[in-house]
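To keep things clear, I will list the structure first and then write my remarks on it.
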Amino acid sequence: MMEEVEKLCDRLELASLQCLNEALTSTTREGGKAAVEKQIEEINEQIKQEREEAEARLRQATKSSERSTSGGGGGSKNWSEDDLQLLIKAVNLFPAGTNSRWEVIANYMNLHSTTGIKRTAKDVINKAKSLQKLDPHQKDDINKKAFDKFKKEHGVVPQTESAAPSERFEGLVTDSAPWTTEEQKLLEQALKTYPVNTPERWEKIAAAVPGRSKKDCMKRYKLLFLQGKQVVNISWSQDMRDTR
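Quick note on numbering: full-length UniProt numbering labels position 231 of the sequence shown as 231, and the sequence is numbered without any gaps.
So, in structure tokens, the structure goes:
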């Protein structure tokens, strides 16, 4: 049950959680339980649909990229599905502004790829450009699938992504400082971008919310999580009493 509650916190906007909580307090026990179960069912169906769409689009993108790079030169090197996902992960790990970004991405791929094919900066640039032809929803789905695979396969992330963010943001804002609407939106987006079990999750989330420390973000999340627990508190507690 707690896993389902956390899904509600991660997937629903704060306003949606509050609306659901209000609906629960103004209806019967059976109605409240049905509302929660319906919301959880919709979220699970949405997650399943996103996963299926991401898999289909990734397969399509892989086939398209293989056809577009069938000529000569560096771009003709075969791109397996694993290498394509590895490229997407590298692009996310080393965003625009990284020094010698494409050389860093190429080195990262050469270090982690299992195909033995050496990529150059030109190779990864050409492939990244081909991926840009996808619409935003396709890219979001592929990015999520790639990152999910990354966190399952690796227990750590490159050192360039660690240490510095937590030191830089720690203690910049006091706990008493109120959260602005923009900060709240950034936090909610970061919670979705970096789901549970993401390596260095809270360092990444803090880095996505300028001016907020890891500690601030964790406290804010706990508050949202408690609000989410209140959403299902009525039906859950009544069900527990009924089983006694």
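From the three backbone atoms N, C-alpha and C, an ideal C-beta is built for every residue, glycine too.
_Environment of Ser213 [buried if 16+ CB atoms lie within 10 Å]_ = Buried, by the Cβ-count rule.
*Look up Lys63 in the DSSP assignment and say whether it is helix, strand or coil.*
DSSP places Lys63 within a helical segment (H, G or I) once states are collapsed to three.
*Should Asn126 and Lys118 be called a contact, given that it needs their Cβ atoms to be closer than 9 angstroms?*
No, the Cβ-Cβ distance between Asn126 and Lys118 is not below 9 angstroms.
_Residue span of the alpha helix (DSSP H) that contains Glu13, given as start and end_ = Counting along the chain, Glu13 falls outside any alpha helix (DSSP H), and DSSP gives it neither H nor E.
*Lys116 classed as buried or exposed, judged by whether at least 16 other C-beta atoms fall within 10 angstroms*: The sequence shown places Gly at residue 116, rather than the Lys named in the question. Counting Cβ neighbours within 10 Å, Gly116 comes out exposed, since fewer than 16 surround it.
*Counting Cβ pairs, one atom from each stretch, are 3 or more of them under 8 angstroms apart for the region 190-199 and the region 17-25?*
With the rule of 3 Cβ pairs closer than 8 angstroms, the region 190-199 does not count as touching the region 17-25.
_Taking the beta carbon of Glu52 as the centre, do at least 16 other beta carbons fall within 10 Å, making it buried, or is it exposed?_
Exposure of Glu52 is indicated by the presence of fewer than 16 other C-beta atoms within 10 angstroms of its C-beta.
*Report yes or no: do the region 175-191 and the region 215-222 share at least 3 C-beta pairs separated by less than 8 angstroms?*
The region 175-191 and the region 215-222 touch, with no fewer than 3 CB-CB distances between them shorter than 8 angstroms.
*Terminal residues of the alpha helix (DSSP H) in which Trp179 lies*: First-last for Trp179: undefined, no H or E at that position.
*asked:* Counting C-beta neighbours from all protein chains within 10 Å, is the total for Leu224 16 or more, i.e. buried, or is it exposed?
replied: Its Cβ being crowded by 16 or more others within 10 Å, Leu224 is buried.
*Measure the alpha-carbon distance for Leu12 versus Leu84 and round it to whole angstroms.*
CA-to-CA, the gap between Leu12 and Leu84 works out to about 30 angstroms.
*Can you tell me the Cα-Cα spacing of residue 301 and Ile88, whole angstroms?*
In the structure as shown, the chain begins at 1 and stops at 244. Residue 301 is therefore absent and cannot be evaluated.
*Under a three-way DSSP split, which group does Ser80 fall into?*
Looking at Ser80 - three-state DSSP - the assignment turns out to be coil, as it is neither helix nor strand.
*Considering only the beta carbon of each residue, do Val124 and Ala90 sit closer than 9 angstroms?*
Closer than 9 angstroms, so yes.
*To which residues of the same chain is Tyr194 closer than 6 angstroms at the C-beta, ignoring the five residues directly before and after it?*
Within the same chain, Tyr194 has close Cβ partners Arg201, Lys204 and Ile205.
*So what's Gly97 in DSSP terms, helix, strand or just coil?*
Shown here, Gly97 sits in coil according to DSSP, grouped into three states, outside any helix or strand.
_Does Tyr221 come out as helix, strand or coil in the three-state DSSP assignment?_
Helix at Tyr221.
*Taking Tyr106 as the reference, which of Phe94, Thr180, Thr120 and Ser80 has the closest Cα?*
With the sequence shown as reference, residue 106 is identified as Ala, and Tyr is not the correct amino acid for it. Of the residues Phe94, Thr180, Thr120 and Ser80, the one whose Cα lies closest to the Cα of Ala106 is Thr120.
*In three-state terms, what does DSSP make of Arg119?*
In the structure shown, Arg119 sits in coil (DSSP, three-state: anything other than H, G, I, E or B).
*asked:* Here's the rule: buried if 16 or more other CB atoms are within 10 angstroms of the residue's CB, otherwise exposed. What is residue 255?
replied: Residue 255 falls outside the range modelled here, since the chain spans only 1 to 244, and no answer is possible.
*Can you list, in chain order, the residues of its chain whose CB lies under 7 angstroms from that of Val209, leaving out five sequence neighbours each side?*
Beyond the five residues adjoining it in sequence on each side, Val209 comes within less than 7 angstroms, by CB distance, of Glu183, Leu186, Leu187, Ala190 and Cys217 in the same chain, given in chain order.
*How many angstroms separate the CA atom of Gln39 from the CA atom of Ser100?*
Each residue's Cα considered, the two are about 46 angstroms apart.
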